[in-house]
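Asks: Same order as they appear, the protein sequences are chains L and Y. Residues in the first sequence are numbered from 1 upward in steps of one, following my numbering. Residues in the second sequence are numbered from 1001 upward in steps of one, following my numbering.
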Amino acid sequence: MLFNSATFLFLFLPIVLAASFVAPAKVKNCVLLFASLIFYAWGGVSMTIIIIFSIFFNYIIGRLIEANKNTVGAKIFLTIGLIINLGVLATFKYLGFLIENLNPLLSAFSFSQIKQTSIALPIGISFFTFHSISYIVDVYRNRVTAQKNIINHSLYITLFPQLIAGPIVRYSDISEQIKERSVTIQKFASGIERFIIGLAKKMLIANAFAFVADDIFALESNELTTYTAWLGTISYTIQIYYDFSGYSDMAIGLGRMFGFEFLENFNFPYIATSIQDFWRRWHISLSNWFRDYLYISLGGNRCSKGKVLFNLFIVFLCTGFWHGASWNFIVWGLFHGFFIILEKVGFDKILLRIWKPFRHIYVLFVVMIAWVFFRAPDINYAFMFINKLFGIAENTHQWQKLIFYLNNEFVICLSFALMGAAGFFQIVYNNIASKIVLKRGSVLLKTIYDVSSLVVLVSIFILSIVYFTIGSYSPFIYFRF
Amino acid sequence: MENKNIVIIPSKGKAVALSIFFVCIILFPLVNKKITIIPEQKNPDFNYTTKPTFDISNLDPFPHEYEKYYNENIGFTAQAVALNAYFKITILKVSPNQSKVFVGKDNWLFFAGPPINDYRGINLLSQEEIDKMKNILHNRALRLKEQGGVFYFALVPNKHRIYSEYLPNNIVKTTGLTIYDQVVDALKDDSLIHLIDLRKPLEKAKAEHILYYKKDNHWNDIGAYIGYRSIINSINKQFPKVTPVPIEAYDLDTTQSLVGGEALQIGVEDFIKENRVMLKPKYNLLSQPGEKQNYPMPIGFPYPWDFEIIKIVDDPSLPTAVIIRDSFTDFMLQFFSENFRKSIFIFDSWEYKENRNIIEKEKPNIVILEIIEANIRKINECDNK
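1) Just to confirm my understanding: we take L/Tyr467, look at its own chain, exclude 5 residues before and 5 after, and list those with CB closer than 6 Å. What are they?
2) Output the distance between the C-alpha atoms of L/Asn387 and L/His323, rounded to the nearest integer angstrom.
3) Would you kindly work out how many angstroms separate the C-alpha atoms of Y/Gly1300 and L/Gly255, rounded to a whole number?
4) From the DSSP output, which residues share a beta bridge with Y/Met1278?
5) For a contact defined as C-beta to C-beta under 8 Å, what are the partners of Y/Ser1019 on chain L?
6) Determine, using beta carbons only, whether Y/Val1172 and L/Asn407 come nearer to each other than 7 Å.
7) Starting from L/Glu193, follow its DSSP beta bridges and name the residues at the other end.
8) Kindly indicate if chain Y contains any beta-carbon less than 7 Å away from that of L/Phe3.
9) Output the distance between the C-alpha atoms of L/Pro161 and L/Phe383, rounded to the nearest integer angstrom.
10) Tell me, please, whether the CB atom of Y/Ala1080 is closer than 7 Å to any CB atom in chain L?
11) In the DSSP assignment, what are the bridge partners of Y/Ala1154?
12) For the alpha helix (DSSP H) containing L/Leu286, list its first residue and its last residue.
13) Tell me, please, whether the CB atom of Y/Thr1077 is closer than 7 Å to any CB atom in chain L?
14) What residue does the alpha helix (DSSP H) around Y/Ala1141 start on, and which one ends it?
15) Taking a contact to mean a Cβ-Cβ separation below 7 Å, would you say L/Tyr405 touches L/Leu231 in this structure?
16) Can you find the residues in the same chain that come closer than 7 Å, C-beta to C-beta, to Y/Phe1335, ignoring five residues on each side of it along the sequence?
17) Taking all protein chains shown into account, do 16 or more other C-beta atoms lie within 10 angstroms of the C-beta of Y/Trp1108, making it buried, or fewer, making it exposed?
18) Decide if L/Val72 is buried, meaning its Cβ has at least 16 other Cβ atoms within 10 Å, or exposed.
19) Report the residue ranges of all alpha helix (DSSP H) runs contained in full by the stretch 65–146 of chain L; include only those spanning at least 4 residues, in chain order.
20) Can you list, in chain order, the residues of its chain whose CB lies under 7 Å from that of Y/Lys1188, leaving out five sequence neighbours each side?
21) Thinking C-beta only, is L/Val363 closer than 7 Å to L/Ala272?
22) Taking only three categories from DSSP, how would you classify L/Ala417?
23) Give the straight-line distance between the Cα atoms of L/Lys435 and L/Leu11, rounded to the nearest whole angstrom.
24) Quick check on the burial criterion: 16 or more other C-beta atoms within 10 angstroms. Buried or exposed for Y/Ser1057?
25) Can you pull the chain Y neighbours of L/Pro14, defined as C-beta to C-beta under 9 Å?
26) Is it buried or exposed, Y/Asn1158, if we count other Cβ atoms within 10 angstroms and call 16 or more buried?
27) Would you identify the three-state DSSP class for L/Thr237, choosing helix, strand or coil?
28) Determine, using beta-carbon pairs with one atom in the stretch 44–63 of chain L and one in the stretch 76–91 of chain L, whether at least three such pairs fall under 8 Å.
29) Check the Cβ of L/Thr225 against every Cβ in chain Y and list those closer than 9 Å, keeping chain order.
30) Mind checking which residues open and close the beta strand (DSSP E) that includes Y/Glu1308?
31) Please classify Y/Tyr1303 as buried or exposed, where buried requires at least 16 other C-beta atoms within 10 Å of its C-beta.
32) Where does L/Phe3 fall in DSSP's three states?
33) Is it the case that the stretch 312–320 of chain L contacts the stretch 332–344 of chain L, given that we only count it when at least three CB pairs across the two stretches are under 8 Å?
34) Determine the closest residue to Y/Glu1129 out of Y/Phe1111, Y/Ser1191 and Y/Ala1186, with distance taken between C-alpha atoms.
35) Does L/Val135 pass the burial test, meaning 16 or more other C-beta atoms within 10 Å, or should it be called exposed?
36) Can you give me the Cβ contacts of L/Leu13 inside the same chain, cut-off strictly under 6 Å, excluding the 5 residues immediately before and after it?
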């Protein structure tokens, strides 16, 4: 079920909100669990069996690890847990890719080929697998105690705001909230505000750029010019940020409506001054997960320089592969990894001496080129596209083809998108609304601020609803992963 | 801008008001079903999905089917479409659906797709396509000549070409050559094909009259009259008895309102108003409806009543004509009917075929092929029968 769908907003959400508020405190988690399972089943009823298996399996593994705390048994159960979790993920997500790439090798050595499979990918499998791994590893590391209550454990895995496309919530960050949480009218309203902002980011900004990016990334080589290739790259760069951060905003907002507080998943990544900085700001929950559960497990920084670089290579290889079973994502991950390693071996020192705007340009350049691999339908198309980005003008009508996409809506959305991504609205809020109006302003000024912000929120909410009602919505990009 | 988990706490008044608004909005469709606040407007031509039954033994298709059913029956889609169109056109000055229609200057609407590409010059014909088209039309003209007829080919320019100054700023030509130029260059020297290039007469006339509708793809009666007069002037060279009816023979009437094709596509028919431009004859028409021959029509043609229209004028000195046409001849039909002893108008579902069965039976003196520029490639798609 999509957050930007009529069934979610006008059926699922009112019913679940009502049931959750009416239900006594003791059964609130049961209500949320039942709702979350319905939410998940909506994307594929028969696939629900996989997540139910994952819930029970990890519940048992968690209990077994705790029962064998500080013994070899705990390590054995953790290993079993990791193998099964990653095995399920590999089977559903990577088996086809593996066979596809193995068969040419097998035929080269005259072995018979493996029959290709066509297993459907359960929605959100990468996310709930990482949630589960986070849980059993945290139990193993004694950061949390194993959850005795199967309902509470199930709710951690399935909680619908973050179930399908994150943020990846670490068990240690939310275990207390699952046990006890409160909702005040102000917290509820702040959740609504965040949800509306996320919905608007998706419907009003991301979809406008998706129209351009989809069109340009479907062009054949002979139709694609250098200028249109750059426009497509810029459009996708904006689209993916507003699409994914919009989803995260909605997830955080919905969480608040039900009393949960998730950690932020984005922190203005496009104003980063290095690729390391970018990964501290982009999909923070995934970066944290890989840092906590892979990088540190590999030895982290506490090993030789060469080993650290190798660990980073592995982390970014996995980051790319996590996004999808395709060479595109692997190259995307390794491309980022290359610049991370480059910065680690001394380029970061050079960067610090460079004028700050050039550091931003460097980051945006690397990130945008990487997005081409991420967005292209296949690796060959990606290389063709990049060739076009840097190609000489092979077509005399480049400007005319470019201008086709630059209508008023694009220009207006681009202005808002750039200001938003650069943190302009945040700065305005922090310096004007928060410091001047709300702290030192008169009652009249505060009222004017409240009313005007209310009008803006309700207007963009209605407009977003209008947009998805008429069927112009597109699925969130991160539902694929 | 540190990544702190900042919760912006709204004031209590704002929190209450926002919560009330939010709850009211998400409950609106449920409430609207019970007590109609916004009346549901159903499209009589749309095949609505029926409510799926909940079958516990086959659950997988249920969510998708229910979602489809719910979206189609949400109750305010028509209003949402209108609101979206109003916002996009009046605030953003863009089309609500750019894959279907572009919004130009002064709210002129232009179909997207082939006509836009024709104007931009990005879908030019290959030499192979040009040769094929020449061959098809030449052979038609040759066969007609063998049975004593003369072949006329009238290419109606797209609205985008005649009123390009109203196209949005982002629609610009990418090349000096156009598909219209290509067709004219290919056919102008063929002695069997009497080509009528309508661009110049229309360009000339537009200084005095609006010739195409703002929110429909078609020309109006004045544009159609200019086209008709150009075609008849061309025919007049071979058939001196055939002369255009003077425009003074008609009264201009603009009382009826028009529901334009483009406007319907994007749901703006209610707020971009336009009057229909009609030329009404001041005299008693010479032509009368003729008896239909019930020629077989293309399967699935949505306007079967328009496939075959026959008009008769009781004047043996006039020639007969078969006019293979599209909707642009709708606006010229009343004029043409006055010029031929028998006019057989064939609307063959935009296939623009030779319709040899009709030509061989009717043995017309004249065949006119009228085609809108946007459909020019259809000539090559049809077989040569």
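Glycine is no exception: its CB is placed at the ideal position from the N, C-alpha and C atoms.
Replies: Judging by the given coordinates:
1) Only Met203 meet the Cβ criterion.
2) Approximately 24 Å between the Cα atoms of the pair.
3) Rounded to the nearest angstrom, the two C-alpha atoms are 53 Å apart.
4) Y/Asp1253, per the DSSP bridge assignment.
5) Within chain L, Ile185, Phe188, Ala189 and Ile192 have C-beta atoms less than 8 Å from the C-beta of Y/Ser1019, given in sequence order.
6) Not closer than 7 Å, so no.
7) Answer by DSSP bridge pairing: none, since L/Glu193 is not bridged.
8) Not one chain Y Cβ lies under 7 Å of L/Phe3.
9) So the alpha carbons of these two residues sit roughly 36 Å apart.
10) Yes, Y/Ala1080 counts as interfacial toward chain L.
11) The secondary-structure analysis by DSSP pairs Y/Ala1154 across a beta bridge with Y/Ile1196 and Y/Glu1370.
12) Segment Ile284 to Phe290, the alpha helix (DSSP H) holding L/Leu286.
13) At a cut-off of 7 Å between C-beta atoms, Y/Thr1077 counts as an interface residue with respect to chain L.
14) Counting along the chain, the alpha helix (DSSP H) containing Y/Ala1141 begins and ends at Gln1127 to Glu1146.
15) Yes, they are a contact pair.
16) Tyr1225, Tyr1228 and Val1245, listed in sequence order.
17) Counting Cβ neighbours within 10 Å, Y/Trp1108 comes out buried, since at least 16 surround it.
18) Classification for L/Val72: exposed.
19) Along the length of the stretch 65–146 of chain L, whole alpha helix (DSSP H) runs at least 4 residues long occupy 72–89, 95–108 and 125–140, reported in chain order.
20) Close CB contacts of Y/Lys1188 within its chain, under the 7 Å cut and outside five residues either way in sequence, are with Leu1195 (chain order).
21) Between L/Ala272 and L/Val363, the C-beta gap is smaller than 7 Å, which places the two residues in contact.
22) Helix, per DSSP.
23) Straight-line spacing of the CA atoms in L/Lys435 and L/Leu11 works out to 39 Å.
24) Label assigned to Y/Ser1057: exposed.
25) Residues of chain Y passing the Cβ test: Val1023, Ile1026, Leu1027 and Leu1030.
26) Under this definition Y/Asn1158 is a buried residue.
27) Three-state DSSP puts L/Thr237 in a helix.
28) The stretch 44–63 of chain L, when compared against the stretch 76–91 of chain L, does touch it at the 8 Å Cβ threshold.
29) Those do not exist, as L/Thr225 stays about 10 Å from chain Y at its closest Cβ, beyond 9 Å.
30) It spans Glu1308 to Ile1312 - the beta strand (DSSP E) in which Y/Glu1308 sits, taken as one unbroken run.
31) Exposed is the call here.
32) Residue state, collapsed to three classes: coil.
33) By the Cβ rule, the stretch 332–344 of chain L counts as touching the stretch 312–320 of chain L, because three or more pairs are nearer than 8 Å.
34) If we check each option's Cα against that of Y/Glu1129, Y/Ala1186 comes out closest.
35) Reading off the sequence, residue 135 of chain L comes out as Tyr, not Val. L/Tyr135 should be labelled buried.
36) Result list for L/Leu13: empty, nothing under 6 Å.
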